[in-house]
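The next block holds one structure in the form of structure tokens; read it before the comments.
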Amino acid sequence: MKGKVYIVGAGPGRLDLLTIRALEVIKNADVILYDDLIGDVAEFLKETKAELISVGKRRGLHKFEQEDINRMLVEFAREGKNVVRLKGGDPFVFGRGGEEAEFLAKEGVDFEYVPGISSAIAVPGCAGIPVTHRRFDPAVVFITGHESRERLNWNALAKLNATIVVLMGLSNLESICKNLIENGKDAETPVAVIEKGLSKEERILVGTLKDIAEKVRAERVSSPAVIVIGKVVELRETLMQSSKL
Ligand SMILES: C[S@@+](CC[C@H](N)C(=O)[O-])C[C@H]1O[C@@H](n2cnc3c(N)ncnc32)[C@H](O)[C@@H]1O
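For any residue, its number in our numbering is found by taking its place in the sequence shown, counting from 1, and adding 118.
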């Protein structure tokens with residue numbers, strides 16, 4: 119019997135934001151390899167019949183190298199198992215899901231991509247910040263504040279009329295703001311930092327490109343956090359007045 123790998127998005131961490139398809143494949147899984155940042159979904163996994171393998175980071179360090187995870191996915195599938203590779207948010211948004219899918223395709227292993235709600239949209243949205251709004255910028259750009267930062271064209275980014283959503287950007291927030299200001303973005307552009315979105319520990323800090331890094335330092339904000347740069351941040355005040363986001 120041939121096994122199959124499901125590359126599944128767990129959404130932004132709340133069980134009720136998991137898709138129906140994700141729920142189906144999780145319930146049917148023989149083995150689940152899961153990352154950190156899956157929130158309530160982690161508890162739910164314990165109720166399934168599957169063997170659970172945590173492959174996320176511990177104290178910022180990867181417990182497993184990407185090559186080890188790729189190899190495990192292939193081996194379990196070749197044993198005829200239904201394998202769920204569960205990732206926070208959407209697997210194809212800064213989640214290495216693309217790399218894993220590529221590896222499985224090259225190895226000739228059957229796989230299915232199950233999309234999830236990305237934290238890049240849901241974390242700001244639930245904090246009262248829609249990433250687009252017709253009155254403001256006509257585009258939204260998602261960037262990583264992490265390893266591929268050097269490859270970004272900061273000049274183009276600063277000049278683009280776009281909301282900028284940064285994942286994994288907390289430790290480089292100061293240089294991100296500096297790069298944007300030096301390349302011509304208004305230093306008064308509103309910025310929101312949403313720490314541990316959709317959880318009981320959620321905190322939201324609002325400032326500008328000029329002062330947000332200092333505020334984040336002073337408040338000792340820690341990962342995970344989504345950073346939103348753009349005028350849409352101003353909507354938060356209105357949206358939070360009467361909504362139960
Ligand atoms: C490796 S990326 C994975 C993103 C994921 N694939 C997605 O679509 O949401 C991890 C980053 O997502 C963001 N993130 C994920 N969950 C979050 C949460 N609950 N609150 C704030 N940020 C979160 C943070 O920027 C974190 O550093």
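Backbone N, C-alpha and C fix where the C-beta goes; we use that ideal spot for every residue, glycine too. Computed from a predicted model, the values in this text were never measured in an experiment.
Looking at the unbroken beta strand (DSSP E) that takes in K205, where does it start and where does it end?
Taken as a continuous stretch (DSSP letters only), the beta strand (DSSP E) holding K205 covers 200 to 205.
Helix or strand or just coil, what does DSSP make of R139?
DSSP places R139 in helix when its eight states are reduced to three.
DSSP state of K328, grouped into three classes?
Coil, per DSSP.
Evaluate K303 with the Cβ neighbour count: other Cβ atoms within 10 Å of its Cβ, from every protein chain shown; 16 or more gives buried, anything less gives exposed.
Per the 10 Å Cβ criterion, buried.
With burial defined as no fewer than 16 other Cβ atoms inside 10 Å of the residue's Cβ, what is the status of T281: buried or exposed?
Per the 10 Å Cβ criterion, buried.
Compute the distance between the beta-carbons of V201 and V123, then report whether it is under 8 angstroms.
For V201 and V123, yes; Cβs fall inside 8 angstroms.
In angstroms, rounded to a whole number, what distance separates the CA positions of E225 and R189?
Between E225 and R189, the C-alpha separation is close to 10 angstroms.
Using beta-carbon positions only, say whether V432 and E313 come within less than 8 angstroms of one another.
Any answer about residue 432 is impossible in this case: the structure gives the chain only from 119 up to 363.
Since I believe A219 is in contact with R354 (beta carbons under 8 angstroms), could you give me their beta-carbon distance rounded to a whole number of angstroms?
R354 to A219, Cβ: 35 angstroms. No contact.
Considering only DSSP beta bridges, list what P308 is partnered with.
BP columns for P308 point to T326.
Name the residue from F162, C295, S317, G243 whose alpha carbon lies nearest to the alpha carbon of P308.
For the residues F162, C295, S317, G243, the minimum Cα distance to P308 belongs to C295.
How big is the Cα-Cα spacing for E185 and K120?
Cα to Cα, the separation comes out at about 22 angstroms.
Do I322 and ligand 1 come close, with the Cβ less than 7 angstroms from some heavy atom?
Not under cutoff, so the answer is no.
Specify, as a first and last residue, the run of the beta strand (DSSP E) that V159 falls within.
Taken as a continuous stretch (DSSP letters only), V159 belongs to no beta strand (DSSP E), being part of the alpha helix (DSSP H) at 159 to 163.
Is I247 a contact residue of ligand 1, with contact defined as CB to any heavy atom under 7 angstroms?
No, since every heavy atom of ligand 1 falls outside the 7 angstroms radius drawn around the Cβ of I247.
Pick out the complete alpha helix (DSSP H) segments inside the region 275 to 303, 4 residues or longer, and give them in chain order.
DSSP runs (the alpha helix (DSSP H)) wholly in the region 275 to 303: 291 to 300.
Going by C-alpha distance, which of G287, S289, E183, V227 is nearest K197?
Note on residue identity: the sequence assigns Glu, not Lys, to residue 197. That would be V227, whose Cα lies nearest to the Cα of E197.
Determine whether the beta carbon atoms of P242 and D208 lie at a separation below 8 angstroms.
No. Outside cutoff.
When every heavy atom of ligand 1 is checked, does at least one fall within less than 7 angstroms of the C-beta of L353?
No; taking the cut-off as 7 angstroms, the Cβ of L353 has no heavy atom of ligand 1 nearer than that.
Please return the same chain residues whose Cβ sits closer than 7 angstroms to the Cβ of A305, not counting the five positions on each side in sequence.
Once the five neighbours on either side are set aside, the close Cβ partners of A305 are I299, T326, L327, K328.
To the nearest angstrom, how far is the alpha carbon of A168 from that of R321?
Taking the straight line from one Cα to the other gives about 34 angstroms.
Can you check which of these residues, F254, I247, E292, L316, is closest to T356 by C-alpha distance?
Nearest option by C-alpha distance: I247.
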